[in-house]
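Trainee: Here it is, the structure, as structure tokens.
Numbering (this note's numbering), first residue to last: 354 to 569.
As structure tokens, this is what we get:
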């Protein structure tokens, strides 16, 4: 009952603790609410990286914001909206990922890790249910219970327009935005991938980031 009262009054932190103390109870642990959008400042930061593809995802791996270069990298997909749906439901994924099975394993393991902290998030639960029903490949991997958080990983893509792309993907928690992660792709200066990114950047229409919220 006190949980409901605290939520109804939007009590947080010390105020919430005080309410439970008055009732002689210990404040129960509470998972943070998942942020549903990025801040303008973060969007400006993404836009400022003209040589690094960068985007922000939530626990369900929805793409909440991305710079123009990230959109250009993922242009072979019908939509750049959710990394899980793209990997398992978009036919382009099998060609785009040079090792699709490895990418699929990693994507599901990362999604599993997100459920440890945000398992009650409606968007995450809906995503798992939808893709589990639509993709036997996802269902098999989901049932394996493998867990691996995003940190620094190698990414190997085959792009329709510029060929092979090889990145080191770095993932960072977005402070002040529970559940959001910033993903930045880096590559060696002077490499074939760096040259390909220059070509992709020339083909982008603008450098404004997208802010989609949760896809429908």
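Every residue, glycine too, gets a C-beta built ideally from N, C-alpha and C.
#1: As a quick exercise: from 408, 492, 402, pick the residue whose alpha carbon is nearest that of residue 527.
#2: Give the C-beta separation of residue 521 and residue 387 to the nearest angstrom, bearing in mind that I take them to be a contact with Cβ-Cβ under 8 Å.
#3: Under a Cβ-count criterion, where at least 16 other Cβ atoms within 10 Å of its own Cβ denotes burial, should residue 394 be classed as buried or exposed?
#4: Please report the residue range of the beta strand (DSSP E) in which residue 392 lies.
#5: Going straight from the alpha carbon of residue 419 to that of residue 358, what length do you get?
#6: To the nearest angstrom, how far is it from the Cα of residue 438 to the Cα of residue 547?
#7: Is residue 431 closer than 8 Å to residue 415 when the C-beta atoms are compared?
#8: In whole angstroms, what separates the C-alpha of residue 441 from that of residue 519?
#9: Identify which residue in 482, 540, 481 has its Cα closest to the Cα of residue 507.
#10: Answer with yes or no whether the minimum CB distance from residue 486 to chain B is below 8 Å.
#11: Which of helix, strand or coil does DSSP assign to residue 506?
#12: Here's the rule: buried if 16 or more other CB atoms are within 10 angstroms of the residue's CB, otherwise exposed. What is residue 525?
#13: Identify the continuous alpha helix (DSSP H) that holds residue 470 and give its terminal residues.
#14: What are the start and end residues of the alpha helix (DSSP H) that includes residue 417?
#15: Measuring CA to CA, which of 534, 491, 404, 457 is closest to residue 467?
#16: Report the three-state DSSP secondary structure of residue 430 (helix, strand or coil).
#17: Does the segment 495 to 504 come close enough to the segment 456 to 471 to have 3 or more Cβ pairs within less than 8 Å?
#18: Nearest by alpha-carbon distance to residue 451: which of 523, 532, 512, 545 is it?
Mentor: According to the data block:
#1: Of the candidates 408, 492, 402, the one whose C-alpha sits nearest the C-alpha of residue 527 is 408.
#2: Contact between residue 521 and residue 387 is absent: CB atoms are separated by about 27 Å, not below the 8 Å threshold.
#3: A residue is called buried when at least 16 other Cβ atoms come within 10 angstroms of its Cβ; residue 394 does not meet this threshold and is exposed.
#4: No beta strand (DSSP E) contains residue 392, which DSSP labels as neither H nor E.
#5: Between residue 419 and residue 358, the C-alpha separation is close to 38 Å.
#6: Rounded to whole angstroms, residue 438 to residue 547 spans 28 Å at the Cα level.
#7: Going by C-beta atoms, residue 415 is not nearer than 8 Å to residue 431.
#8: Between the alpha carbons of residue 441 and residue 519 lies a gap of roughly 21 Å.
#9: That would be 540, whose Cα lies nearest to the Cα of residue 507.
#10: In the displayed structure, chain B is absent; only one protein chain is listed.
#11: Of the three classes helix, strand and coil, the one that applies to residue 506 here is strand, per DSSP.
#12: Under this definition residue 525 is an exposed residue.
#13: It spans 453 to 471 - the alpha helix (DSSP H) in which residue 470 sits, taken as one unbroken run.
#14: Segment 416 to 419 is the beta strand (DSSP E) holding residue 417; no alpha helix (DSSP H) there.
#15: Out of 534, 491, 404, 457, 534 has the C-alpha closest to the C-alpha of residue 467.
#16: Residue 430 falls in the coil class under three-state DSSP.
#17: The way I'd put it, the segment 495 to 504 does touch the segment 456 to 471; three or more beta-carbon pairs between them come closer than 8 Å.
#18: Of the listed residues, the one whose Cα sits closest to residue 451 is 512.
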